[in-house]
Amino acid sequence: LSNVKFQAAASDSAGEFLCNYVMYTTLHHIASQQLPCRAGFIHASPLREEVPDLTNGKGMRLKKWIEFTEAVVYLLRTSLSPAG
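Structure, rendered in structure tokens:
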């Protein structure tokens with residue numbers, strides 16, 4: 010994501026616990042059920058317009074959030090697709 014002009018970094022915030030719980034619970038379920046799929050977790054910044062008091066003007070604007078989502082989908086499609 011950094012290569013397509015989005016800031017990306019690991020977070021040590023209090024929310025990390027919930028994000029990790031969701032991710033590892035999902036991975037455990039996939040493994041224990043032997044499901045033929047992959048999983049990942051991406052936490053996007055809140056929308057600036059939705060929670061201005063919480064973001065102090067630092068959240069993403071809707072247009073940027075849509076661009077971010079499109080970039081993530083593109084990266085997933087290209088990196089998970091079989092070569093050919």
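In terms of the working numbering, the sequence shown opens at residue 10 and continues consecutively. In this text, a Cβ means the ideal position worked out from N, Cα and C, and glycines have one as well.
Within its chain, find whatever has a CB closer than 7 Å to the CB of residue i; leave out the 5 residues flanking it on each side and keep chain order.
i   : result
I39 : C46, A48
V31 : F50
V82 : none
W74 : A53, L56
Should residue i be labelled buried (16 or more other beta-carbon atoms within 10 Å of its own) or exposed?
i   : result
F77 : buried
Assuming residue i is part of the alpha helix (DSSP H), what are its boundary residues?
i   : result
C28 : 25-41
S88 : 71-89
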